[in-house]
Amino acid sequence: MKPLVQKYGGTSLSTAEHVRRVAERIDAARQTGRPTVAVVSARGDTTDRLLADAKQLHPHPAPRETDQLLATGEVASAALMATALHRRGTRAVSLTGAQAGIRTTGPHGAALIDTIDTRAVRAHLERGSVVVVAGFQGIDPAGELFTLGRGGSDTTAVALAAALDARCEIYTDVDAVYTADPRLVPRARPLPEIAAPLMAEMAFAGARVLHARAVELAAVRNVPLLVASAMHDRPGTTITGGSPIGMLEKEGFVAAITHDADIARFTIRLAPDDPERPHRALRAIADQIIPVDLVTWADDRPALSFTVAGAAVHQARRQVELAVPNAGRDVAVQRELGKISLLGTGMLTRPEYAVRVLRTLEELGIPANSLHTNQLRVSVLVPAAHTAAAVAALHDEFELDRPRPDPVPTS
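Residue numbers are given in this note's numbering: position 106 of the sequence shown equals residue 91, and the series is strictly consecutive.
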């Protein structure tokens, strides 16, 4: 029987009782006969507390030491989960990312998984143990510890599932992938299934259910993926490996609305005597694996603009200042923006979607800062304070509270 990889987020591990309940779920999976691997995040707000402790000692902690510090949260979580399984009489062993054979490349705080040597994990599985792996981390060829960035435990789980030829289940604090954030839109519906390319676009656009890198990896490696609640026995959402593009000519559809209420837009003035300025700025940001979005640049325009998540502003600005001379004068950063994205298929072939987005915002008196489209997404920037109202209005405009006649297409 093929192995099963389960991942549990920090909220589902925040108390001793939660850990016991998750241990019961893991044990139930093991009792089906499947060799079981559990990937765990740091418990509750552990990561934020550790980072706050470091910043009390230094406003900008060294990236290497930050990785060394933050990785302890997942290691502690794995050891506690193995302990809870032992209490149930279940054989279990906790492993760090390094002990699980996870090899990384890239910068501290945003490393990428390069390879996984599964021999240690397989050996423990063959002995009948549940293997509990600390997510979010690995080591480089020199043995240095690196973390994968926020959401990295999702990527750890999917990468392990790919390496083990296993199914992957992501258990979190939400029941499923919804048509919008149910905290903003109470009528939002859970989606029973969704194609991986569309889910990856949703994650990148602001949906925090899954990490975008994890979804992309699942799509590339054909890893069966389920997202469900760790606390409730509900069906969740199946992420399929198919592409939604196949139905574009027959039917465009809108699947969901996502949002990110903390976005910053960089505008870099171009200089005729420095034509390489845009390339250097974007390359410097890419070197630190900082995701950028909504890039606008053309040879006949006086500026390059792009957006980053609010949490990445200071790091992105430092990189731009290193790459662009006179950055203080030529670089502007606009804060307090929200990004709202309409997700589905046929966005380019059906321009009426963008028209309806702009009309809905105009009727509410919400200024649209800029609008960008690709085949799966229409994104618009609005003042951050208007994000919630805009999401609710667009959910109503596209009647996403009404089930589609057929499931979201997956092939």
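Where is the CB? At the ideal position from N, CA and C, for every residue including glycine.
Subject >> residue 201 - DSSP class collapsed to helix/strand/coil >> reply: helix
Subject >> 8 Å contact criterion, which residue 161 and residue 222 should meet: CB distance rounded >> reply: 4 Å
Original post:
What does a CB cutoff of less than 6 Å around residue -4 pick up in its chain, not counting 5 residues either side in sequence?
Top reply: 158
Original post:
From residue 4 to residue 11, what distance separates their C-alpha atoms?
Top reply: 10 Å
**OP:** Could you check the C-alpha separation between residue 261 and residue 254 for me, to the nearest Å?
**Re:** 12 Å
Subject >> Test: residue 155 CB closer than 8 Å to a CB of chain B >> reply: No chain B appears in this structure, which consists of one protein chain only.
Original post:
I think residue 412 touches residue 376, with their Cβ atoms under 8 Å apart; what is that distance to the nearest whole Å?
Top reply: With the chain covering -14 to 396 only, the question about residue 412 has no answer from this structure.
**OP:** Report yes if the CB atom of residue 80 is closer than 8 Å to the CB atom of residue 119, and no otherwise.
**Re:** yes
Original post:
In chain order, what residues of the same chain have a beta carbon less than 6 Å from the beta carbon of residue 247, not counting five sequence neighbours either side?
Top reply: 295
**OP:** Inspect the CB distances between the stretch 345 to 365 and the stretch 321 to 329 and report whether three or more fall short of 8 Å.
**Re:** yes
Original post:
Pairing CB atoms from the stretch 260 to 274 with CB atoms from the stretch 176 to 191, are three or more of them under 8 Å?
Top reply: no
Subject >> Endpoints, the alpha helix (DSSP H) within which residue 9 is located >> reply: 1 to 15
Original post:
For the alpha helix (DSSP H) that residue 348 lies in, which residues bound it at each end?
Top reply: 337 to 349
Subject >> Cβ-Cβ distance between residue 59 and residue 121 below 8 Å >> reply: yes
**OP:** Please report how far the alpha carbon of residue 36 lies from the alpha carbon of residue 51, in whole angstroms.
**Re:** 7 Å
Original post:
At what residues does the beta strand (DSSP E) containing residue -13 begin and finish?
Top reply: First-last for residue -13: undefined, no H or E at that position.
Original post:
Nearest CA to the CA of residue 352: which residue from 336, 337, 156, 369?
Top reply: 369
Original post:
In terms of residues, what are the limits of the beta strand (DSSP E) holding residue 319?
Top reply: 316 to 330
**OP:** Please work out which residues of its chain come closer than 8 Å, Cβ to Cβ, to residue 107, disregarding the five sequence neighbours upstream and downstream, and give them in chain order.
**Re:** 149
Subject >> Own chain residues within Cβ distance below 7 Å of residue 187, not counting five before or after >> reply: 241, 243, 328
Original post:
Roughly how many whole angstroms lie between the Cα atoms of residue 96 and residue 192?
Top reply: 21 Å
Original post:
Who are the near neighbours of residue 85 in its chain, counting only those whose CB is closer than 6 Å to its CB and skipping five residues on each side?
Top reply: 106, 118
Original post:
In chain order, which beta strand (DSSP E) runs of at least 3 residues are fully inside the stretch 77 to 165?
Top reply: 77 to 80, 87 to 90, 97 to 101, 115 to 119, 122 to 124, 130 to 132, 152 to 157
**OP:** Give every residue of the same chain whose Cβ lies closer than 6 Å to the Cβ of residue 113, excluding the five residues on either side of it in the sequence, and list them in chain order.
**Re:** 76
Original post:
Hey, residue 318 and residue 346: beta-carbon distance below 8 Å or not?
Top reply: no
Subject >> residue 334 - containing alpha helix (DSSP H), residue span >> reply: Where residue 334 is concerned, there is no enclosing alpha helix (DSSP H), given that its DSSP letter is neither H nor E.
Original post:
Ends of the beta strand (DSSP E) at residue 238?
Top reply: 238 to 254
Original post:
Taking residue 23 as the reference, which of 54, 41, 146 has the closest Cα?
Top reply: 146
Subject >> First through last residue of the beta strand (DSSP E) which encompasses residue 364 >> reply: 362 to 368
Original post:
Going by beta carbon distance, what residues of the same chain come within less than 6 Å of residue 15, once the five residues before and after it are set aside?
Top reply: 21, 115
Subject >> Separation of residue 13 from residue 28, as counted between CA atoms >> reply: 22 Å
**OP:** Would you kindly check if the distance between the Cβ of residue 93 and the Cβ of residue 135 is under 8 Å?
**Re:** no
**OP:** Tell me residue 355's beta-bridge partners as DSSP assigns them.
**Re:** 366
Original post:
Apart from the five residues on each side of it in sequence, which residues of its chain come closer than 6 Å, Cβ to Cβ, to residue 214?
Top reply: 160
Subject >> N- and C-terminal bounds of the beta strand (DSSP E) containing residue 22 >> reply: 21 to 25
Original post:
residue 38 by DSSP, collapsed to three states: which one?
Top reply: helix
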